[in-house]
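J.: Could you have a look at this structure, given as C-alpha cells, before my questions?
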Ligand code: MRU
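What follows is the structure, given as C-alpha cells:
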C-alpha cells in the first residue's frame, strides 16, 4: 500500500514532496535544476535510503539535459561534476552511490551516441531504478510479513514507508502487508529525535493507512519492551556490510540492545541495493554528522543554551550479533551473515556487482 508518490518525472521536470513541511503542509516542488534536487537531499526534503538513490537518478537526467556537447573531454568532466554534486550530499546510504553508478554506466555505455539518444537512455534508467524499487518493496513486505507472529505488536523507528522509497516501503511494507493479512495488532512509532521522522512522517503515513499505532518518545522504547507490549522490532537500513552490520537512523543500535535484553526479535528490512558488497564491516561506514542546530532547536524555537557543544551523528551502527534477520527481496538472511551474503551474491545480482565501481 503506497500512501504517496514522493517523487515523479513530469515532462522534463522532477516533482517532489518537500518532506520537511510534513505533516502540517503537503507541498510539492517542481524543478528542472539538478542543484535543487541535491539541496533537497541535503536538507532531507527528499530522504530515506532508496528514495535518495531514486532522486539522484532523476537529478542526473536533469543535469544531462543541459549538456550541449558530448565530446569525450566534456562528457568526462560532466560525469565527474554531476557525480560529485550528488555524492557530496549524504555519505551514509549506499543506495545513493549505487544509483549514481548505474547512471554513470549508462553515459559511458552510450559514448559516441547522439545527445538525444543518451538523454533518453538515462531517463529510462532513472525510471527503471524507481520502478524496480517499487517491486522490491512489495516483495520485502511479503517475505517479512511471513516472519511475524499472529497478532504482532511492532516497534519501528524513523520512517521506512512510501516517503522513503519508490513503493510501499521496507520495514513499513512489512507492517502494511501484515495488516492486510490480519497478522498485525498494533504499531509503536518512536518519534525519532532530533528530526522526528517517526512523529512527522511515519505517524502521517500510518494515519492515512488507518493502521492502529501509538507514538512514543524514543526513551519510552525500553519501558514498552519491559511491559511486554512489543513482539517484534522492525527497522530499515541505510547501509549493510558483508558481515551483517547495519547503519540506520541514530537510535537503532539502542533498540537492538534493548530487544536482545528483552528476548524480542530485531529484524532489519532492506533491498539488496542497501547492501555494500565491497565493505567488510560497519566500522568503515561513513557516518553523516548533522548540524548541532538540529539538536539545540526545533523549527524556529531554540531549545538549548546558545553556543554549547553538540554531537549529532545522523546514523549509528548495529553490530550483526544483535540482528535476528535481514529481510531482503532475495530472501531472509540470518547469521552467519558473511556466508548468507556469499550465497546472495550467487543469485542474480550481476547488475549490482558489475556497477559497483564508483565510491
Ligand atoms: O535521515 P533519513 O531520514 O534519510 O534516515 C532514513 C532512515 O534511517 C531509514 O530508516 C532508512 O533510510 C531506511 S528507509 C527505507
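In this note's numbering, the protein residues as written are 1 to 359. Where is the CB? At the ideal position from N, CA and C, for every residue including glycine.
#1: Indicate whether residue 326 and residue 246 have their beta-carbon atoms separated by less than 9 Å.
#2: Does DSSP classify residue 272 as helix, strand or coil?
#3: Step through the CB atoms of chain B and report whether any lies within less than 9 Å of the CB of residue 126.
#4: Cutting at 8 Å between CB atoms, please list the residues of its own chain near residue 224, excluding the five before and the five after it.
#5: For residue 280, which residues of its own chain have a beta-carbon under 7 Å away from its beta-carbon, when the five flanking residues on both sides are left out?
#6: Of all the beta strand (DSSP E) runs that stay within the bounds of the region 140-175, which reach a length of 3 or more residues?
#7: Taking the alpha carbon of residue 273 as the reference point, which residue from 49, 340, 292 and 82 has its own alpha carbon closest?
#8: I'd like to know whether the C-beta atoms of residue 16 and residue 55 end up nearer to each other than 9 Å.
#9: Return yes when the C-beta of residue 64 is under 8 Å from any heavy atom of the ligand MRU, and no when it is not.
#10: Is residue 197 a contact residue of the ligand MRU, with contact defined as CB to any heavy atom under 8 Å?
#11: Is residue 42 closer than 9 Å to residue 89 when the C-beta atoms are compared?
#12: Comparing the CB of residue 248 with every heavy atom of the ligand MRU, is any distance shorter than 8 Å?
#13: When you compare the CB positions of residue 317 and residue 275, do they come within less than 9 Å of one another, or not?
#14: Can you have a look at residue 34 and say buried or exposed, based on whether 16 or more other CB atoms are within 10 angstroms of its CB?
#15: Between residue 211 and the rest of its own chain, which residues show a CB-CB distance below 8 Å, the 5 nearest in sequence each way excluded?
#16: Roughly how many angstroms separate the alpha carbons of residue 63 and residue 82, rounded to a whole number?
#17: Under 8 Å: does the beta carbon of residue 157 sit that close to some heavy atom of the ligand MRU?
#18: Please classify residue 334: is it buried, with 16 or more other beta-carbons within 10 angstroms of its beta-carbon, or exposed?
#19: Between which residues of its own chain and residue 159 is the CB-CB distance below 6 Å, once the five residues before and five after are set aside?
#20: Could you check whether the Cβ of residue 309 sits closer than 8 Å to any heavy atom belonging to the ligand MRU?
#21: Using C-beta distances below 7 Å, list every residue in its chain close to residue 330, excluding the 5 sequence neighbours before and after it, in chain order.
#22: Report buried or exposed for residue 227, applying the criterion of at least 16 other Cβ atoms within 10 angstroms of its Cβ.
#23: Return the chain-ordered ranges of every alpha helix (DSSP H) run that is complete within the region 31-86 and spans a minimum of 4 residues.
#24: Is residue 50 near the ligand MRU, with its Cβ less than 8 Å from a heavy atom?
#25: Suppose contacts are defined by Cβ-Cβ distances below 9 Å. Is residue 47 in contact with residue 209 by that definition?
#26: Just reading off the alpha helix (DSSP H) that residue 95 is part of, what are its end residues?
#27: Quick check: the Cα distance between residue 122 and residue 181, rounded to an integer number of angstroms?
#28: Please report the residue range of the alpha helix (DSSP H) in which residue 253 lies.
#29: Can you tell me which of the three DSSP states residue 129 falls into?
#30: Could you name each continuous alpha helix (DSSP H) segment of 4 residues or more that falls completely within the region 260-341, going from the start of the chain to the end?
#31: Compute the Euclidean distance between the alpha carbons of residue 235 and residue 267, then round it to the nearest angstrom.
#32: Quick check on the DSSP output: what are the complete beta strand (DSSP E) runs of length 3 or more inside the region 161-245, in order along the chain?
T.: On the basis of the supplied data:
#1: In the chain shown, the residue the question calls residue 326 occupies position 326. In the chain shown, the residue the question calls residue 246 occupies position 246. Yes, the Cβ-Cβ distance between residue 326 and residue 246 is below 9 Å.
#2: For the purposes of this step, residue 272 is taken as residue 272 along the chain shown, with counting starting at 1. Judged by DSSP in its simplified three-state form, residue 272 adopts helix.
#3: Among the chains of the structure shown, chain B does not appear; only one protein chain is present.
#4: For the purposes of this step, residue 224 is identified with residue 224 of the chain shown, where counting begins at 1. Within the same chain, residue 224 has close Cβ partners 155, 188, 216 and 230.
#5: Sequence index remark: in the chain shown, residue 280 carries index 280 (1-based). Answer for residue 280: 241, 242 and 243, listed in chain order.
#6: Within the region 140-175, the complete beta strand (DSSP E) runs of at least 3 residues are 152-156.
#7: Taking the first residue of the chain shown as position 1, residue 273 is located at position 273. Checked all of 49, 340, 292 and 82; the closest Cα to residue 273 is 49.
#8: Locating residue 16 in the chain shown gives position 16, counting from the first residue. Locating residue 55 in the chain shown gives position 55, counting from the first residue. In this structure, residue 55 lies closer than 9 Å to residue 16 by Cβ.
#9: Position 64 of the chain shown, counted from the first residue, corresponds to residue 64. Flag unset: Cβ of residue 64 not near the ligand MRU.
#10: For the purposes of this step, residue 197 is taken as residue 197 along the chain shown, with counting starting at 1. Yes; taking the cut-off as 8 Å, the Cβ of residue 197 has a heavy atom of the ligand MRU nearer than that.
#11: The residue given as residue 89 occupies position 89 in the chain shown. The residue given as residue 42 occupies position 42 in the chain shown. Result yes, Cβ atoms of residue 89 and residue 42 sit closer than 9 Å.
#12: Within the chain shown, residue 248 is the residue found at index 248, counting from 1. Under cutoff, so the answer is yes.
#13: Numbered from 1 along the chain shown, position 317 holds the residue referred to as residue 317. Numbered from 1 along the chain shown, position 275 holds the residue referred to as residue 275. Contact: no.
#14: Taking the first residue of the chain shown as position 1, residue 34 is located at position 34. Classification for residue 34: buried.
#15: Within the chain shown, residue 211 is the residue found at index 211, counting from 1. Annotation for residue 211: 175, 176, 179, 184 and 187 place their beta carbon closer than 8 Å to its own, counting only its chain and skipping 5 residues before and after.
#16: Numbered from 1 along the chain shown, position 63 holds the residue referred to as residue 63. Numbered from 1 along the chain shown, position 82 holds the residue referred to as residue 82. Looking at the backbone, the Cα of residue 63 and that of residue 82 are separated by about 7 Å.
#17: In the chain shown, counting from the first residue as 1, residue 157 sits at position 157. Yes; taking the cut-off as 8 Å, the Cβ of residue 157 has a heavy atom of the ligand MRU nearer than that.
#18: Taking the chain shown and counting its residues from 1, the one referred to as residue 334 is at position 334. When all chains shown are included, residue 334 counts as exposed.
#19: The sequence position of residue 159 within the chain shown is 159, counting from 1. Taken in chain order, the residues that qualify are 197, 201 and 202.
#20: As a position in the chain shown, residue 309 is number 309, starting the count at 1. Flag unset: Cβ of residue 309 not near the ligand MRU.
#21: The sequence position of residue 330 within the chain shown is 330, counting from 1. Here the set comprises 272, 344 and 347.
#22: By one-based count along the chain shown, residue 227 stands at place 227. By the 10 Å Cβ count, residue 227 comes out exposed.
#23: If we require 4 residues or more, the alpha helix (DSSP H) runs fully inside the region 31-86 come out as 34-43 and 49-65.
#24: The residue given as residue 50 occupies position 50 in the chain shown. Result yes, Cβ under 8 Å from the ligand MRU.
#25: If you number the chain shown from 1, residue 47 lands on position 47. If you number the chain shown from 1, residue 209 lands on position 209. No; because the gap between Cβ atoms is not below 9 Å, this pair is not in contact.
#26: Counting from 1 along the chain shown, the entry for residue 95 is found at position 95. For residue 95, the uninterrupted alpha helix (DSSP H) run begins and ends at 94-109, by DSSP.
#27: If you number the chain shown from 1, residue 122 lands on position 122. If you number the chain shown from 1, residue 181 lands on position 181. Rounded to the nearest whole angstrom, the C-alpha separation of residue 122 and residue 181 is 38 Å.
#28: The residue labelled residue 253 in the question sits at position 253 within the chain shown. Annotation: the continuous alpha helix (DSSP H) that includes residue 253 extends over 252-262.
#29: In the chain shown, counting from the first residue as 1, residue 129 sits at position 129. Of the three classes helix, strand and coil, the one that applies to residue 129 here is helix, per DSSP.
#30: DSSP runs (the alpha helix (DSSP H)) wholly in the region 260-341: 293-296.
#31: Within the chain shown, the letter at position 235 stands for residue 235. Within the chain shown, the letter at position 267 stands for residue 267. Cα-Cα distance, rounded: 6 Å.
#32: Taking only runs of at least 3 residues, the beta strand (DSSP E) segments lying wholly in the region 161-245 are 184-190, 213-216 and 232-235.
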